[in-house]
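Protein chains in written order, with our numbering: chain A, 3 to 290; chain B, 3 to 290; chain C, 238 to 603; chain D, 238 to 603. Everything on this sheet refers to the single structure shown next.
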């Protein structure tokens with residue numbers, strides 16, 4: 003099996019008639035995802051590449067039985083889009099949109115949590131389960147079905163590492179890009195617990211970066227609750243304090259969030275931490 | 003074992019220096035409850051019957067290791083009191099206070115849920131686990147340790163039924179008064195799932211009343227998830243529509259919330275429903 | 238607390254919600270100039286006033302006064318009409334339904350809407366009603382999309398609808414409502430959205446935050462007002478047995494037991510968890526003035542001690558010379574003491590609920 | 238976006254938070270009458286300006302002007318001082334600390350407070366700091382109790398503290414802050430609570446809701462401003478290698494790899510997930526003006542196709558005649574095409590990250 007996206011996943015795309023929405027709806031479908039509908043207000047009744055478009059998420063859900071959504075709407079409409087998805091009963095909400103205000107993200111992640119919905123993102127590449135499908139914008143070609151679960155705060159860096167894994171003969175159960183913003187719907191810990199419970203996942207790769215204490219919390223969780231081998235890479239060893247390194251979340255503030263602290267915590271929890279991102283497959287081969 | 007209140011429960015009383023707080027703190031302690039502290043702003047450093055009083059819940063928790071609270075503060079301060087308890091990390095919050103505005107109750111039950119805290123009430127008699135302790139205002143003498151779990155929206159009516167059970171030779175694991183208001187922190191379903199999971203509880207008594215659809219939802223839950231025999235009594239068969247019957251929650255509105263609908267749902271779920279409250283022990287003896 | 242239509246509309250107008258032009262009058266003479274056709278509407282809290290003749294029409298002052306004279310004083314479902322609302326008649330194109338209320342299950346505020354307004358919402362098929370929780374952070378634009386989709390409104394009306402829904406939500410929160418309902422919400426032929434009828438219920442427990450509503454407490458009978466002042470739950474029913482019990486659940490159960498045994502409760506009075514004999518005395522005095530055929534006292538003592546209740550009963554019977562027969566069932570903490578006290582004043586209290594209920598039914602003459 | 242102290246205080250004053258009397262000047266001549274002793278404070282965003290000589294004192298206009306002349310133009314931690322804030326000197330009895338910020342873990346707004354103000358909060362022992370989430374429904378009175386208990390304030394100051402905390406919370410929410418910090422929060426000898434210093438950071442992603450802050454964007458260097466306009470993440474560092482990569486994580490990893498191999502990045506430039514060659518050209522033009530010793534291009538093509546990037550590079554090199562040596566590592570979607578395009582303009586792109594990084598370090602002369 004896989005986590006989050008599996009054989010039962012039926013996805014709608016909020017913002018399907020936009021450039022990104024249209025492109026990735028097609029790419030998701032080509033990867034095997036059941037993309038059952040799209041939503042763009044005022045365009046209900048039309049279709050994009052044969053995918054029916056609805057005015058509201060509620061209409062889309064009642065017509066298609068969708069249980070997940072991929073959100074591409076502009077930042078200032080993203081909060082409302084997540085509220086609408088939660089309100090319509092969707093339980094997996096992947097928010098690709100970047101540059102969403104913190105207060106908006108706080109509100110929609112909270113509202114989703116209260117209603118038992120899982121939010122991935124915002125500002126994330128999404129979720130891919132090779133063999134089942136993907137929700138989001140990860141490039142399809144880098145994946146192969148296998149037994150590695152991947153969790154990452156980064157996008158391209160993850161592709162780099164997944165690609166290296168695949169080229170070294172490994173493959174993935176599910177790869178989850180949780181997003182690089184300070185306020186995200188699912189943290190390492192939530193996804194680690196899903197991967198730990200997934201029978202097919204035999205080992206886990208965690209791609210972290212500077213900023214916040216999510217990696218430290220993951221380390222504590224791993225030492226208590228994760229039995230599978232975990233490999234990690236932490237980006238930002240050379241980042242100076244006070245500089246935001248591209249991601250809104252990647253900043254060393256008030257002495258917190260350094261790569262050193264994260265690496266030390268993870269190593270204490272028994273995680274093998276790679277010095278270079280390209281070292282991950284090598285570490286894993288040693289572990290086999 | 004018991005549910006909610008057991009050997010590990012350490013209670014503080016918010017509003018301990020008031021008439022009710024003081025009286026019931028003593029009564030709880032006499033019932034075997036570990037009442038470790040009280041909170042009244044401005045009275046920190048004093049004591050009530052040897053129980054230390056603190057200015058804030060945070061002080062009380064850090065000094066005593068309390069994990070539960072019983073709230074007696076006046077209605078207009080109740081929301082803040084629950085926020086304070088949640089903020090201090092307490093995981094069981096029993097709100098005795100009645101006449102709390104709905105919007106306040108919506109806010110504090112939501113905030114508690116988000117933070118993984120269980121609220122019982124408001125406007126409830128609390129929780130009693132004979133042999134371990136009680137949090138709230140239930141009269142101590144009616145209880146005996148036994149294997150019946152009791153859940154009720156009512157106060158006195160529950161005492162009547164528990165008393166009848168005890169006089170008929172039954173006893174209780176835990177008796178939970180969930181409260182008679184429309185907005186309450188824990189519904190039948192939440193408590194049913196705790197009692198179903200509790201090894202010592204062998205049978206369950208549910209005391210419902212007109213208003214809302216909590217009993218109907220409980221019936222659905224019982225038919226799916228409860229293996230233990232359930233007995234019920236529903237008050238308000240003779241209540242006319244549109245009249246609020248004492249409890250703010252006890253009203254038949256828009257054709258919803260009738261005793262007939264509740265009884266029918268429960269009977270369909272295999273629950274034995276008593277016609278008179280005093281019939282419950284008799285039904286249970288037949289079931290043995 | 239339910240507000241009268243005119244008061245609910247004043248409140249909506251304060252929040253910027255469009256309501257018909259209108260004026261309230263409690264005597265026909267108060268009706269001054271009218272330069273448009275009006276509806277004369279009885280101001281009662283009961284539903285169905287239209288069918289009961291509580292809404293009439295008039296084209297000028299003289300007609301309006303005579304219609305008002307017909308309506309004021311009229312009794313509608315047991316409620317006496319004290320005033321009328323004179324309101325411009327709208328040129329109606331469509332009638333919609335919109336309300337906000339509290340939902341127990343989701344612990345949230347729920348928006349209900351339908352394109353089928355002007356009838357009781359209970360009679361509208363469920364698939365034609367939108368029922369959706371408002372996110373706890375407030376009204377959000379997707380709700381407007383759902384309203385538009387369900388009601389089939391055009392762009393211009395949808396814009397008015399969003400504005401109105403936002404204001405209604407603000408009113409609901411700020412005024413601690415339990416219900417805020419607009420039915421019908423009218424679209425006029427010239428494309429305006431107007432709240433043609435309005436029902437607002439304020440959460441009683443939040444009235445301490447809303448002193449301005451205290452003068453609106455007209456929906457209570459004099460006895461209900463007295464009970465409220467004493468913090469006693471008081472419900473007027475149809476039968477002839479006066480029930481005094483402690484606790485809402487026990488009181489309801491007592492009613493049920495009486496009904497099963499062929500009796501009917503006339504007044505329902507819940508002492509709650511008191512331990513004050515004076516409150517018991519007040520309850521008996523209230524009950525005396527409610528004039529039931531028999532008083533059935535049913536107490537299960539816990540927090541409320543039985544002897545406390547008995548002392549209150551004794552004081553009431555002695556001070557106010559209550560002549561109504563009293564049947565008492567007393568059980569729980571200090572019930573022996575209580576029985577002795579009641580015996581002193583000639584009341585034989587039993588401990589068995591069912592037999593006591595049967596006795597009360599018999600005494601009521603059923 | 239960080240606000241200058243004077244702007245942060247203006248904002249606080251708008252919300253009713255007491256701040257010292259003061260005036261801002263960007264030239265000494267602007268300083269007019271002063272009838273009280275003042276502090277002349279450099280308006281820079283860097284911390285530690287006091288130690289760097291950025292705060293001086295004056296008792297009259299002449300003194301104030303000459304202190305201002307000394308401070309304006311001063312470079313503090315690499316930041317040039319453009320203006321000074323002249324502010325009444327407070328008669329300080331105590332210094333407290335108060336701030337609101339965003340907490341990732343609890344996804345909430347967090348209130349931090351301490352009785353030990355006037356020093357960096359990092360230097361205060363943890364057990365002397367209150368850190369508590371504000372409930373998502375807003376400031377609630379229990380927080381005041383916690384503040385009082387932690388700061389040891391008397392009743393009169395506590396009342397001012399609650400009022401101030403409420404206003405700071407309102408400011409935080411309404412202005413989409415990331416940080417709102419008052420340090421020190423001063424209690425004067427006559428018992429008034431005043432925000433003696435103020436730090437406010439506005440959430441960049443929420444600036445679309447706050448047009449009024451656009452004129453405050455002075456904390457960006459000219460290159461940073463250009464990058465912002467092009468929606469390119471641009472970070473100025475200390476080394477001599479200019480890094481262009483796609484994606485924040487990959488860019489950081491590239492920096493780390495350079496560092497491990499003995500190099501140091503001077504500029505960090507993240508294309509994000511673009512598929513527009515013009516954005517790549519813009520990035521190269523930016524990089525050219527940042528004048529690194531070598532440009533290291535590291536692309537992992539996915540959404541961003543490698544050939545798109547190569548076309549952008551080609552355009553930049555040809556149009557703007559970039560003379561800085563370019564080391565390229567290209568991998569992923571269409572990397573063959575990309576390598577061919579780059580070959581045309583004399584750039585030999587490799588696919589191996591580590592060897593490319595070593596080459597860049599060597600070219601940078603490290």
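Just so it is clear, CB atoms sit at the ideal spot from N, CA and C, and this is done for glycine as well. Keep in mind the model is a prediction, meaning the values are calculated, not measured.
Measuring only between beta-carbons, confirm whether residue i sits less than 8 Å from chain D.
i: residue 89 of chain B; result: yes
i: residue 54 of chain B; result: no
i: residue 128 of chain A; result: no
i: residue 64 of chain A; result: no
i: residue 271 of chain A; result: no
i: residue 254 of chain A; result: no
Out of curiosity, what's the CA-to-CA distance linking residue i and residue j?
i: residue 115 of chain B; j: residue 443 of chain C; result: 23 Å
i: residue 189 of chain A; j: residue 216 of chain A; result: 7 Å
i: residue 445 of chain D; j: residue 110 of chain A; result: 19 Å
i: residue 506 of chain D; j: residue 12 of chain B; result: 56 Å
i: residue 314 of chain D; j: residue 325 of chain D; result: 26 Å
i: residue 277 of chain B; j: residue 362 of chain C; result: 33 Å
i: residue 242 of chain B; j: residue 183 of chain B; result: 19 Å
i: residue 360 of chain C; j: residue 384 of chain C; result: 19 Å
i: residue 550 of chain C; j: residue 268 of chain B; result: 39 Å
i: residue 297 of chain D; j: residue 251 of chain D; result: 28 Å
Run through the DSSP bridge pairs and tell me what residue i is partnered with.
i: residue 411 of chain C; result: DSSP output for residue 411 of chain C lists no bridge partner at all.
i: residue 136 of chain A; result: A/130
i: residue 147 of chain B; result: B/174
i: residue 56 of chain A; result: A/41
i: residue 366 of chain C; result: C/351
With distances taken from CA atoms, which of the options is nearest residue i?
i: residue 65 of chain A; options: A/72, A/47, A/80; result: A/47
i: residue 245 of chain C; options: C/433, C/468, C/556, C/561; result: C/433
i: residue 207 of chain A; options: A/155, A/250, A/251; result: A/155
i: residue 317 of chain C; options: C/291, C/447, C/298, C/335; result: C/291
i: residue 104 of chain A; options: A/119, A/127, A/77; result: A/77
i: residue 487 of chain D; options: A/6, A/233, A/210, A/231; result: A/210
i: residue 106 of chain B; options: D/372, D/357, D/322; result: D/372
i: residue 120 of chain B; options: B/249, B/151, B/178; result: B/178
Can you tell me whether DSSP reads residue i as helix, strand or coil?
i: residue 36 of chain A; result: strand
i: residue 358 of chain C; result: helix
i: residue 441 of chain C; result: helix
i: residue 540 of chain C; result: coil
i: residue 526 of chain D; result: helix
i: residue 243 of chain D; result: helix
Flag residue i as yes if its beta-carbon sits less than 8 Å from any beta-carbon of chain C, otherwise no.
i: residue 241 of chain B; result: yes
i: residue 113 of chain A; result: yes
i: residue 16 of chain A; result: no
When you compare the CB of residue i with every CB in chain A, is at least one pair closer than 8 Å?
i: residue 325 of chain D; result: no
i: residue 333 of chain C; result: no
Does residue i come within less than 8 Å of chain B when only Cβ atoms are used?
i: residue 294 of chain D; result: no
i: residue 378 of chain D; result: yes
i: residue 347 of chain D; result: no
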